[in-house]
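One structure is given here, and the rest of the page talks about it.
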Amino acid sequence: MKLTLKYFASLREALGSGGSVDWTPSGEPTAAALRAWLCSQSDAQAQALAPGRAVRVAVDQTLAAESTLLHDGAEVAFFPPVTGG
Amino acid sequence: MIRVRIQEAGFDVGAELAALQGERTDVGAVASFVGCVRGHTRDDDVSALTLEHYPGMTERAIEAMIVAAEARFDVLGALVIHRVGRLLPGERIVLVAVMSSHRRDAFQACEFLMDYLKTHAPFWKKETTPQGERWVDARVADDAALARWGLASSNAPAAGTLDDK
Chain A
101 MKLTLKYFAS
111 LREALGSGGS
121 VDWTPSGEPT
131 AAALRAWLCS
141 QSDAQAQALA
151 PGRAVRVAVD
161 QTLAAESTLL
171 HDGAEVAFFP
181 PVTGG
Chain B
3 MIRVRIQEAG
13 FDVGAELAAL
23 QGERTDVGAV
33 ASFVGCVRGH
43 TRDDDVSALT
53 LEHYPGMTER
63 AIEAMIVAAE
73 ARFDVLGALV
83 IHRVGRLLPG
93 ERIVLVAVMS
103 SHRRDAFQAC
113 EFLMDYLKTH
123 APFWKKETTP
133 QGERWVDARV
143 ADDAALARWG
153 LASSNAPAAG
163 TLDDK
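Sequences listed follow chains A and B, in order. My numbering puts the first sequence at residues 101 to 185. My numbering puts the second sequence at residues 3 to 167.
Below, the structure written as structure tokens:
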């Protein structure tokens, strides 16, 4: 499935602001599965998105659980905990 | 009326509150909160704060928070302005203003919106200190503040994660 990836804050500094990816999930297309696949793509991604690191995810501009199922064309953003206000 | 504004420019609190109320005569209370840049933290002097956000999602998320506040409290109108970009100590970062018939709902809705925004609106702060630049850590206390309203929140890193500090 084609996805638009976005990264913010420290993840943007490590990985750039994102872009389009074509992902073929091997199982259920969850946000967690996408994160695991991204980790397998490069050392930088493996480090920035490592399991156990506090990474939040938004799907189509709404905060989402890692179990959220992704759909073709989704906008998926990964970012650290938010610190506004 | 647009209720959420993300902008680099500063804002005039008096002018914003006057515009929010307009000519309405049913408003009995206007509560507002203004967040400012502090020039020091526990450890360091802070010479600047740089705010990043997720354009589009930020506005949607805060608008949804206002809708949630309207469902809980007697809200006659609300306004949230949040600045992004580079800010200096003493500058205003955020304005949350709520109009209600009476003070209690105005105070509560204002605090609710601020607690919600702190943990769920996609903004990130970076501090400039004598030691260099560093991203601000999310605080567990902010999750606890939202939990007081009956809303679970797990924005800050849990103890034991790589980002736990």
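All residues carry an ideal CB built from backbone N, CA and C; glycine is no exception.
Original post:
When the cut-off is 8 angstroms and only beta carbons count, does residue 141 of chain A lie next to chain B?
Top reply: no
Original post:
Beta-carbon of residue 183 of chain A versus every beta-carbon of chain B: anything under 8 angstroms?
Top reply: yes
Original post:
Beta-carbon of residue 187 of chain A versus every beta-carbon of chain B: anything under 8 angstroms?
Top reply: With chain A covering only 101 through 185, there is no way to say anything about residue 187 of chain A.
Subject >> Range of the contiguous beta strand (DSSP E) that encloses residue 68 of chain B >> reply: Residue 68 of chain B -> not in any beta strand (DSSP E); alpha helix (DSSP H) instead, spanning 59–74.
Subject >> Inter-residue Cα distance where the pair is residue 37 of chain B and residue 147 of chain B >> reply: 16 angstroms
**OP:** Find out if the Cβ-Cβ distance for the pair residue 53 of chain B, residue 86 of chain B is shorter than 8 angstroms.
**Re:** Cβ distance < 8 angstroms, so residue 53 of chain B and residue 86 of chain B count as in contact.
Original post:
Which term fits residue 184 of chain A, buried or exposed, when burial requires 16 or more other beta carbons within 10 angstroms of its beta carbon?
Top reply: With 16 or more other Cβ atoms within 10 Å, it is buried.
**OP:** Reducing DSSP to helix, strand and coil, say where residue 138 of chain B ends up.
**Re:** coil
Subject >> Cutoff 8 angstroms: residue 109 of chain A Cβ touching any chain E Cβ >> reply: Absence of chain E from the displayed structure is noted, the protein chains being A and B.
Original post:
Between the Cα of residue 120 of chain A and the Cα atoms of A:135, A:165, A:102, which residue gives the shortest distance?
Top reply: A:102
Original post:
With contact counted as at least three CB pairs below 8 angstroms, one residue from each stretch, are the stretch 72–91 of chain B and the stretch 9–18 of chain B in contact?
Top reply: yes
**OP:** For residue 119 of chain A, name the three-state secondary structure that DSSP assigns.
**Re:** strand
**OP:** For residue 111 of chain A, name the three-state secondary structure that DSSP assigns.
**Re:** helix
Original post:
For residue 122 of chain B, which beta-bridge partners are listed by DSSP?
Top reply: DSSP lists no partner for residue 122 of chain B.
Subject >> Spatial distance of residue 67 of chain B from residue 112 of chain B (CA atoms) >> reply: 11 angstroms
Original post:
Among A:169, A:175, A:105, A:157, which residue has its Cα nearest to the Cα of residue 127 of chain A?
Top reply: A:169
Original post:
Where do the N-terminal and C-terminal ends of the beta strand (DSSP E) with residue 87 of chain B fall, by residue?
Top reply: Segment 87–89, the beta strand (DSSP E) holding residue 87 of chain B.
Original post:
Would you say the beta carbon of residue 119 of chain B comes nearer than 7 angstroms to a heavy atom of the ligand HEM?
Top reply: As presented, the structure is devoid of all ligands, the ligand HEM included, so that no description of it is given.
**OP:** Given a cut-off of 8 angstroms, decide if residue 124 of chain A and residue 167 of chain A are closer than it, judged by their beta-carbon atoms.
**Re:** no
Original post:
Between the stretch 147–160 of chain A and the stretch 101–117 of chain A, do at least 3 Cβ pairs fall closer than 8 angstroms?
Top reply: yes
Original post:
By a C-beta neighbour count over all protein chains shown, 10 Å radius and 16 as the cutoff for buried, is residue 59 of chain B buried or exposed?
Top reply: It is buried - the Cβ of residue 59 of chain B has at least 16 other Cβ atoms within 10 Å.
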